[in-house]
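Data first, discussion second: the structure below is written as structure tokens.
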Amino acid sequence: MLVILFIIISAIGFFADFKKAVQSLEYFDKIYLIGAAIFGFGNDFIKFFRWHLYIKKLSIKVNFFTDLKIFLCGLAMSVTPVKFGYTIKNYIIENITKTPFKKTLSATFAEIYVDFLILSVISLIGMFYLQKFSILGAILIIAVSIIFYPKIFKQIFVKLRTILPYTIRKYYVVLKDMVSFFTIGLFSEVILITILAWTSEGVSLSLILKGFGFDVNIIKTTVIFGFATLVGSLSMLPGGLIVSDITLFGLLIYIGIPAYVSLPATILARICTLWLSVIVGNTALFVNRKAFFGVKK
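The sequence shown runs 1032 to 1328 under my numbering.
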């Protein structure tokens, strides 16, 4: 209920200072936008190495650069609920290697899974760091973190699979493959890569705020961006649209950034992260349409 109230109040503020927000863009130091775009896209580029680790673990015969192109094509589907559109990568691999779609699906599920886990931890840390600790919020986030812990998640699924719909139950083998990724060595690498990826988005937001004349440290911006992304993902809306934006806007105001700066900062942050990835992804799809799909025009 408190989250809904927060979103409603933030939504009102989101549109309240629109005129001043447009004016504030005149004073924005554009040089910071370049760095913000590089680090914003850095989130997805860093995650490619996580994806490549999964593909190697599955013994899929795809070379590094082909795999990179496949991964970039997947970014075209960034604006899908909980990133499920990323399964286009599995379809492409099936097209070019004849590897069954289901065999590589575990890699995509693992990506989404680890992102949820890390974002939950970041959000919990943020509650203490931003001194906005809530018992209810902490319980919810800890619950999500525990549920998404690999072994616990598998045990829960095993116990529930008999009552789950067949459409979900038939993916049990995919889940087993996904859990096999989480050996101590591989899981440690994956966690490190994911933390670096989300920190990259934090750097992007920090640079955008710097362009408006506000110094906000990277830890704080990473926590803010991470929490806003988690809330947006849980909303199940494509790309967390509106919910992530309004949450990010509200949190920026909470740490002392004026509403007329928080609004353009939020828009620029989303352009440098989500929308830049969508543009790169669609470009990759267009360039590789013949190689991956046999489309000539």
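Where a beta carbon is used, it is the ideal one built from N, C-alpha and C, also for glycine.
8 Å Cβ cutoff met for residue i and residue j
| i | j | result |
| --- | --- | --- |
| residue 1064 | residue 1242 | yes |
| residue 1157 | residue 1053 | no |
| residue 1077 | residue 1228 | yes |
| residue 1145 | residue 1225 | yes |
| residue 1238 | residue 1070 | yes |
Closest by C-alpha distance to residue i, when choosing among the options
| i | options | result |
| --- | --- | --- |
| residue 1138 | 1086, 1108, 1129 | 1086 |
| residue 1207 | 1232, 1299, 1136, 1103 | 1136 |
| residue 1270 | 1080, 1107, 1082 | 1107 |
| residue 1272 | 1104, 1109, 1061, 1051 | 1109 |
| residue 1307 | 1237, 1294, 1075, 1154 | 1075 |
| residue 1329 | 1288, 1105, 1112 | There is no way to answer for residue 1329, as the model of the chain reaches only from 1032 to 1328. |
| residue 1251 | 1262, 1230, 1147 | 1230 |
| residue 1114 | 1325, 1263, 1301 | 1263 |
| residue 1148 | 1302, 1218, 1102 | 1218 |
Where residue i falls, given that 16 or more other Cβ within 10 Å makes a residue buried
| i | result |
| --- | --- |
| residue 1267 | exposed |
| residue 1281 | buried |
| residue 1096 | exposed |
| residue 1214 | exposed |
| residue 1287 | exposed |
| residue 1276 | buried |
| residue 1057 | exposed |
| residue 1132 | exposed |
| residue 1062 | exposed |
| residue 1072 | buried |
Same chain, Cβ closer than 7 Å to residue i, neighbours up to 5 away in sequence not counted
| i | result |
| --- | --- |
| residue 1100 | 1315, 1319 |
| residue 1127 | 1323 |
| residue 1274 | 1038, 1262, 1263, 1266, 1268 |
| residue 1205 | 1133, 1136, 1137, 1140 |
Closer than 7 Å: residue i CB and nearest the ligand SAH heavy atom
| i | result |
| --- | --- |
| residue 1107 | As for the ligand SAH, it is missing from this structure, which has no ligand bound. |
Sequence-distant residues of the same chain with beta carbon closer than 6 Å to residue i, five excluded per side
| i | result |
| --- | --- |
| residue 1164 | Only weak support is given to the placement of residue 1164: the predicted model assigns it a pLDDT of 49, under 50, and the value that follows is read from those uncertain coordinates. The residues are 1158. |
Q: Write down every uninterrupted run of the alpha helix (DSSP H) in the segment 1051–1098 whose length is 4 residues or greater and which is fully enclosed by it, in chain order.
A: 1062–1088
Q) What are the start and end residues of each continuous alpha helix (DSSP H) run of 4 or more residues lying completely inside the segment 1286–1310, in chain order? A) 1290–1301
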